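Reviewing the structure listed below.
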Amino acid sequence: MTETAIERGGATRDGAAAAEPLLPELRAVWWEAGVRARAEAGVLAVFAELPRLVAEAVRVSWRADRLRTSIVALTTVGSGVMAGGGLLATQRVLVELFAAGPTPDKVVAALPALAVLATVTALRGGLGIVTGYAQNGLAPRVRQEVERGLFEVTTAVRLDAFDADAFADDMERASRGTESTVSLVQAVTNLLAGLAGLLAVAVAVVLIHPLLLPALLVATLPRAWASLRAGHLTYQTWAAGSVRRRRRGLLHGLMAERVSAPELRSYGLRRFLLDQYDRVMGVETGIQLALARRVTTMTSLGAVVGGIATGAVYVLLGLLLVDGRIPLAAAATCVIAVQAAQRSLAVATYQVDQVYSEGQHFGDYAGFMNRAADYLPAAGSGAAPPPLRELSVREVTLSYPDRKEAAVDDVTLTVRAGETVAFVGENGSGKSTLAAVIATLRMPSAGVVEWNGRPYAEWDADRLRDRIAVVTQEYHKWPFTAATNIAIGDVEAEARQDRIEAAAARAAAHDTIVELPYGYETLLDRTFAKGQDLSGGQWQRITAARGFLRDAELLIMDEPSSALDPRAEDALFQSIRDRQGRLTTILITHRLANVRHADRIFVLDRGALVESGSHDELMAAGGRYAELFTLQAAGYDVAPPRVPPPRGTVG
Ligand SMILES: Nc1ncnc2c1ncn2[C@@H]1O[C@H](COP(=O)(O)OP(=O)(O)OP(=O)(O)O)[C@@H](O)[C@H]1O
Ligand SMILES: [Mg+2]
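In terms of full-length UniProt numbering, the sequence shown opens at residue 1 and continues consecutively.
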């Protein structure tokens, strides 16, 4: 039974599977077939992968802190050797004590071994302290190194990675994997140390009788195998539980966070969400119980078979004694040595388990980093783009995964420097998607966008992006101060207050901000001390200011005024008109009165470009644009109110 079988078993037993579809489902297609293959791999297949993973974890640890990595490795192995030495010394002491002869002589004979034992024990204690100290310093450094690596990738991957199947699940497991790097390094060094101890007792046991060692190893196998299988099953169950864990996190957010709190109350969602939580947890509990049952069965079986095998070892020992192959005088030493060997083997088994399970988690991290690399944009090798003369979209098509129709369908258009153009069309007609392609945020499935006649790919991507400012339709409310919320429109430049205020003024945001309790320094996140929140329209003004900050050569504004009051909207469009003839602007809006001044209007329908021209041309053509415009204008087309004539003019 694989982990998915456990999932299914757990889910059906609780009868919760049928109720699941209300929440996001586990996607049938994994991000990469490789992930599933790994999750379903057998114990041996995972072992085969371990050396590579260990090498990688050691490399990361080494990069993070060479000194501490070396110290941890050396002292751990050192203390393992000491432990082995201690065992041999104990053995020696016992041999001397059990030898024939008067007791004082035996004690004297045992003294050198006792001295070695004391020294070795003291050294081991000292090394333990050093290991602990170095380890405490190493762990946060490695953690930072690994986590930073993860963030470097998640902030660099192309947007389509986030649309890829199970990317979020993969990332969830990778985050857990970041914690396993140090544990893996530590587990490997512990294992090496354990092996040193094991070698020592092996020597002791072989000295008694060569047959005892293989017998002991065989007796350890059932338990070792059972606990490895149990660890494997636990990991597989965990790996398959990404969606469930994310779902729990989602419910946590929905029930405990500020953003969803008003709707939760207005729609009375409390019981509904608690019910969802119970369902998710019901499934989870079922899966955990099923796992616990299997793990217990497996380890019990291992323990029983292992116990019988251990009994057999003692029978063998007895036979060897009876047979006179081991002198009776050494019997006690012999039993102690066998017990020590068993303990060492148990410890080594545990350490193999640790390496194994931490290795699996680290493998998630390493695997994610590899898979994510496919989504990294090509390195910008191109030249710095010169000032914009002409932007051409040539036969651009973009299809989102799993969507039958293309979001942008074979669009060709040209925008000349200094023009203000508008993209117009109904909801879902592809305006934002086309804007994202022009803004270099998305790669077209076919076709190219050219900057001065050369495809984007031939220019340096970062510098190209520097020349384009984008105000996206679904803007993010950054949990920073008002000033920073605007300044992030140009993070590379110094956040000069006069520039920020000028940008704010252009977006009609200045007066709003000045009235806040701490003015520009007001933190715009209510969940922190002294934080404030803004109205929807006020937020939108700040976002528009962000777009104006840079006075970018190409400014793309996607629905910048959907929440603005008429006065703010007028001010915003005045600022956009100020750019006309000087800088290039692409404007997307449903308020068609605002696009009348645009040099050209491109009308999209179901992804295709269906009309283009100036307002007057399009109105005269009487096509889609004229239809939309007339429809909207009709809403304002009320009979003019009878305005009383101004006083004093009645003549
Ligand atoms: N990430 C995505 N994955 C899948 N489909 C998407 C994604 N984003 C948008 N779409 C789909 O692509 C099509 C075009 O969307 P787009 O956002 O470009 O429309 P729009 O013209 O900007 O609409 P609106 O006026 O509502 O802003 C729509 O059918 C939409 O459902
Ligand atoms: Mg849109």
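Just so it is clear, CB atoms sit at the ideal spot from N, CA and C, and this is done for glycine as well.
Source: prediction; values computed, not measured.
{"Query": "Would you please state the rounded distance, in angstroms, between the beta carbons of residue 387 and residue 461? I believe it to be under 8 angstroms.", "Result": "So it is not a contact: roughly 18 angstroms between Cβ atoms."}
{"Query": "Please find out if some non-hydrogen atom of ligand 2 comes closer than 7 angstroms to the beta-carbon of residue 562.", "Result": "no"}
{"Query": "Excluding the 5 residues flanking residue 189 on each side, which residues of the same chain have their C-beta closer than 8 angstroms to its C-beta?", "Result": "72, 73, 76, 77"}
{"Query": "Please find out if some non-hydrogen atom of ligand 1 comes closer than 7 angstroms to the beta-carbon of residue 432.", "Result": "yes"}
{"Query": "Quick check on the DSSP output: what are the complete beta strand (DSSP E) runs of length 3 or more inside the stretch 405-483, in order along the chain?", "Result": "408-416, 420-425, 446-451, 468-471"}
{"Query": "Helix, strand or coil for residue 542 per DSSP?", "Result": "helix"}
{"Query": "What's the call for residue 93, buried or exposed, on a 16-neighbour Cβ count within 10 Å?", "Result": "buried"}
{"Query": "Which residues in the same chain have their Cβ closer than 8 angstroms to the Cβ of residue 595, if we skip the five residues on either side of it in sequence?", "Result": "422, 424, 587, 589, 601, 615"}
{"Query": "Would you say residue 234 and residue 289 are within 8 angstroms of each other, going by their C-beta atoms?", "Result": "no"}
{"Query": "Expressed to the nearest angstrom, what Euclidean distance is found between the alpha-carbon atoms of residue 543 and residue 429?", "Result": "24 angstroms"}
{"Query": "Determine the direct distance from the alpha carbon of residue 59 to that of residue 453, and round the result to whole angstroms.", "Result": "45 angstroms"}
{"Query": "I'd like the list of long-range same chain contacts for residue 230, defined as Cβ closer than 6 angstroms, with 5 residues on each side in sequence excluded.", "Result": "295, 298, 299"}
{"Query": "Considering only the alpha carbon of each residue, which of 636, 356, 195 lies closest to residue 183?", "Result": "356"}
{"Query": "How many Å lie between residue 203 and residue 236 at the Cα?", "Result": "38 angstroms"}
{"Query": "Considering only DSSP beta bridges, list what residue 601 is partnered with.", "Result": "422, 613"}
{"Query": "Return the residue from the list 608, 373, 242, 224 that minimises the CA-CA distance to residue 361.", "Result": "242"}
{"Query": "Grab me the residues of residue 22's own chain with a C-beta within less than 7 angstroms of its C-beta, minus the 5 sequence neighbours each way, in chain order.", "Result": "Note that residue 22 scores a pLDDT of 47, beneath 50, so its modelled location is shaky; the value from the coordinates is reported in the next line. Around residue 22: 276."}
{"Query": "Using C-beta distances below 7 angstroms, list every residue in its chain close to residue 436, excluding the 5 sequence neighbours before and after it, in chain order.", "Result": "442"}
{"Query": "Can you list, in chain order, the stretches of the beta strand (DSSP E) that have 3 or more residues and sit fully within the stretch 494-577?", "Result": "554-558"}
{"Query": "What are the partner residues of residue 608, as DSSP defines its beta bridges?", "Result": "605"}
{"Query": "Is residue 568 closer than 8 angstroms to residue 420 when the C-beta atoms are compared?", "Result": "no"}
{"Query": "Measuring CB atoms only, is the stretch 406-416 touching the stretch 203-218, in the sense that at least three cross pairs come out at less than 8 angstroms?", "Result": "no"}
{"Query": "Do residue 594 and ligand 1 come close, with the Cβ less than 7 angstroms from some heavy atom?", "Result": "no"}
{"Query": "Pick from 494, 489, 518: whose alpha carbon is nearest that of residue 504?", "Result": "489"}
{"Query": "Going by CA-CA distance only, name the one from 285, 406, 467, 325 that's closest to residue 385.", "Result": "467"}
{"Query": "Do residue 406 and residue 607 count as a contact pair if the criterion is CB distance below 8 angstroms?", "Result": "yes"}
{"Query": "Hey, is the stretch 323-343 in contact with the stretch 94-101, meaning 3+ C-beta pairs nearer than 8 angstroms?", "Result": "yes"}
{"Query": "For a quick check, are the C-beta atoms of residue 223 and residue 349 less than 8 angstroms apart?", "Result": "yes"}
{"Query": "Please confirm whether residue 508 and residue 552 have their CB atoms less than 8 angstroms apart.", "Result": "no"}
{"Query": "What does the alpha-carbon distance come out to for the pair residue 632 and residue 592?", "Result": "8 angstroms"}
{"Query": "Bridge partners of residue 383, per DSSP?", "Result": "459"}
{"Query": "With burial defined as no fewer than 16 other Cβ atoms inside 10 Å of the residue's Cβ, what is the status of residue 140: buried or exposed?", "Result": "exposed"}
{"Query": "Taking residue 248 as part of the alpha helix (DSSP H), name the residues at either end of that continuous run.", "Result": "242-256"}
{"Query": "Between residue 447 and ligand 1, is there a pair consisting of the residue's CB and a ligand heavy atom that are separated by less than 7 angstroms?", "Result": "no"}
{"Query": "Can you give me the C-alpha to C-alpha distance between residue 5 and residue 628, rounded to a whole angstrom?", "Result": "Confidence in residue 5 is poor, its pLDDT being 41 and thus under 50, which makes the residue's placement unreliable; the coordinate value appears in the next sentence. For residue 5 and residue 628, the distance between alpha carbons rounds to 54 angstroms."}
{"Query": "Would you mind giving the Cβ-Cβ distance between residue 61 and residue 153, rounded to the nearest angstrom? I have them listed as a contact below 8 angstroms.", "Result": "Their Cβ separation, rounded to whole angstroms, is 19 angstroms, which puts residue 61 and residue 153 out of contact at 8 angstroms."}
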